[in-house]
Amino acid sequence: MSGHSKWANIRHKKAVVDAKKGKVFTRLIKEITVAARMGGGDPDANPRLRLAMDKAREANMAKDSVLNAIKRGTGALEGVTYEEIRYEGYGIGGSALIVDCMTDNRTRTVAEVRHAFTRNGGNLGTDGSVSYLFKHCGQFVFAPGADENKVMEAALEAGADDVLSNEDGSIEVLCAHNDFAAVKAHLEKAGLKPELAEVTMKPGTETALEGEDAGRMRRLLDALENLDDVQEVYTTAVLADA
């Protein structure tokens, strides 16, 4: 990948999140509801719920909205029942995509996802067609200029699996997805604040796209991310002009 692409893509992702606060709240409410339904309403005993609540707090979501979402998940309040669905497909230049959705209408969602792929030069694939290209893990990204030695020391003490130094100066810490909360807490205790901290599907290989191809891929990603039922979009594509 080109030297600036990793950090440029992360900054773009953060900008998209900041620009779509209303949609972010909707996604978080769905995630909290489903997490509570699957693992119970106690965040201390439900890592997925704890992570969703942390994200809600970082996004400044009202506490009442969080508590009501938990109550809907546990059945204490009536509400819509969401189903989790994962779609896999191909983008520009042979890049791979995973699209995670939560929906109360599977027929509507698959039609919208397929339309977004087709209209923007991609193809919806079958289950398992690209998921093997990704690893489910915890990821922390520090901006260029971060103290690499301090990050590495704290990450290894926390039990992280790997620390990567990117060409653009950013630093990545990777851990098992089940260890995310513990590693995050240890990094924070060490006074380290990552620019991005999430449980993600990290591509094992990346597809570098430039110029027109990068623009086409950006339009496909935007089309998918703008769908109401889409929670997360993961891709092997790295866009040089992000």
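Sequence positions in the sequence shown follow the numbering used here and run 8 to 249. Just so it is clear, CB atoms sit at the ideal spot from N, CA and C, and this is done for glycine as well. The model shown is predicted, which means the values in this text are computed figures rather than measured ones.
Give the C-beta separation of residue i and residue j to the nearest angstrom, bearing in mind that I take them to be a contact with Cβ-Cβ under 8 Å.
i, j, result
"I99", "A63", "That belief does not hold up - the Cβ atoms of I99 and A63 are roughly 33 Å apart, past 8 Å."
"A244", "S138", "At roughly 16 Å, the Cβ-Cβ gap does not stay under 8 Å, so A244 and S138 are not in contact."
"V158", "V180", "7 Å"
"G166", "D186", "6 Å"
"V73", "D111", "Not confirmed; about 20 Å, so no contact."
"Q132", "E95", "Per the sequence shown, residue 132 should be read as Gly rather than Gln. The Cβ separation is near 5 Å, so the contact holds."
Just tell me which of the options has its CA closest to the CA of residue i.
i, options, result
"F141", "V31, F32, A247 and Y241", "Y241"
"E155", "K37, G86 and L171", "L171"
"A221", "E239, A247, L131 and D236", "A247"
"L84", "D235, V190, I178 and R44", "R44"
"R126", "R223, V237 and I77", "R223"
"K78", "G48, E174 and L234", "G48"
Do residue i and residue j have their C-beta atoms closer together than 8 Å?
i, j, result
"D168", "A153", "no"
"G80", "V41", "yes"
"L227", "G128", "yes"
"V148", "L203", "yes"
"R57", "A188", "yes"
"C108", "T114", "no"
"Y89", "N130", "no"
"K209", "Q146", "yes"
"I105", "R121", "no"
"I36", "A66", "no"
"G176", "P151", "yes"
"L194", "A123", "no"
Using three-state DSSP, classify residue i as helix, strand or coil.
i, result
"R209", "It is worth fixing the name first, because residue 209 is Lys in this sequence and not Arg. If DSSP states are grouped into helix, strand and coil, K209 belongs with the strands."
"D111", "coil"
"N75", "helix"
"L246", "strand"
"D169", "strand"
"S12", "Summary for S12: the model assigns pLDDT 48, below 50, so the residue's position carries little reliability; its value from the coordinates is reported in the next sentence. Looking at S12 - three-state DSSP - the assignment turns out to be helix."
"Y89", "coil"
"V180", "strand"
"G145", "strand"
"N185", "helix"
"V190", "helix"
"E174", "coil"
"V120", "helix"
"L199", "coil"
"A59", "helix"
"V137", "coil"
Between residue i and the rest of its own chain, which residues show a CB-CB distance below 8 Å, the 5 nearest in sequence each way excluded?
i, result
"A52", "G46"
"T33", "D235"
"Q238", "R34, K37, E38, D107, C108 and M109"
"T212", "L140 and T243"
"E91", "V41, D107, C108 and M109"
Can you find the residues in the same chain that come closer than 6 Å, C-beta to C-beta, to residue i, ignoring five residues on each side of it along the sequence?
i, result
"P54", "A188"
"A197", "A161"
"A118", "none"
"E217", "A247"
"S9", "Only weak support is given to the placement of S9: the predicted model assigns it a pLDDT of 32, under 50, and the question is left unresolved by the model."
"S12", "Any reading at S12 must be qualified, since the residue scores a pLDDT of 48, below 50, and its modelled position is unreliable; the value itself is stated next. Excluding residues within five positions, the ones whose Cβ falls inside 6 Å are V245 and A247."
"S136", "E95"
Once you ignore the five residues that flank residue i on each side, which residues in its own chain have a CB closer than 7 Å to its CB?
i, result
"H143", "H184 and M208"
"M68", "F32 and L35"
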